[in-house]
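Chemist: One structure, pasted below without further comment.
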Amino acid sequence: MSSATIEDLAKAIKAGEKVSVVDVRSDDEVKEKPSNSGSIHIPIAEFNDRISEVPKGPVVVHCAIGKRAQRAGDALRAAGYAPVMNVTDRDA
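Heads up: the sequence shown begins at 1 in this note's numbering, then just goes up one per residue.
Here's what the structure looks like:
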């Protein structure tokens with residue numbers, strides 16, 4: 001899966017690109033540190049059942065470290081989503 005920084009994401013949005021941002025952290029993690037990205041929150045434990053909630057088109061996935069985002073990205077690509085990117089800096 002390719003990667004993107006927060007700066008890359010901000011530039012894309014500013015340029016008018018429609019990008020879905022998906023946060024796959026647990027509910028507790030989101031309560032402790034809310035996302036600043038306006039993302040769609042789908043905990044990784046529920047991701048396969050809720051993948052249809054992610055709009056088709058470019059997707060950026062993030063979590064706390066990157067492993068869950070990788071799993072979600074793999075599921076998105078298998079479901080036909082493209083491009084799918086992982087946020088490389090963790091303050092998303």
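Think of the CB as a built atom: it goes at the ideal place given N, C-alpha and C, for glycine as much as any other residue.
Does the Cβ-Cβ distance between methionine 85 and valine 60 come in under 9 Å?
Modeler: It is a contact, given that the beta carbons lie within the stated cut-off.
Chemist: Just to confirm, is the Cβ distance from aspartate 23 to isoleucine 51 under 9 Å?
Modeler: No.
Chemist: Would DSSP call isoleucine 40 helix, strand or coil?
Modeler: If DSSP states are grouped into helix, strand and coil, isoleucine 40 belongs with the strands.
Chemist: Here's a check: name, in chain order, each residue in its chain whose Cβ is nearer than 6 Å to the Cβ of cysteine 63, leaving out the five neighbours to either side.
Modeler: Within the same chain, cysteine 63 has close Cβ partners Val24, Arg25, Ala69.
Chemist: Would you kindly work out how many angstroms separate the C-alpha atoms of valine 30 and isoleucine 13, rounded to a whole number?
Modeler: If I take the Cα positions, the gap works out to 22 Å.
Chemist: Identify whether glutamine 70 lies in helix, strand or coil by the three-state DSSP scheme.
Modeler: The answer is helix: DSSP assigns glutamine 70 an H, G or I state.
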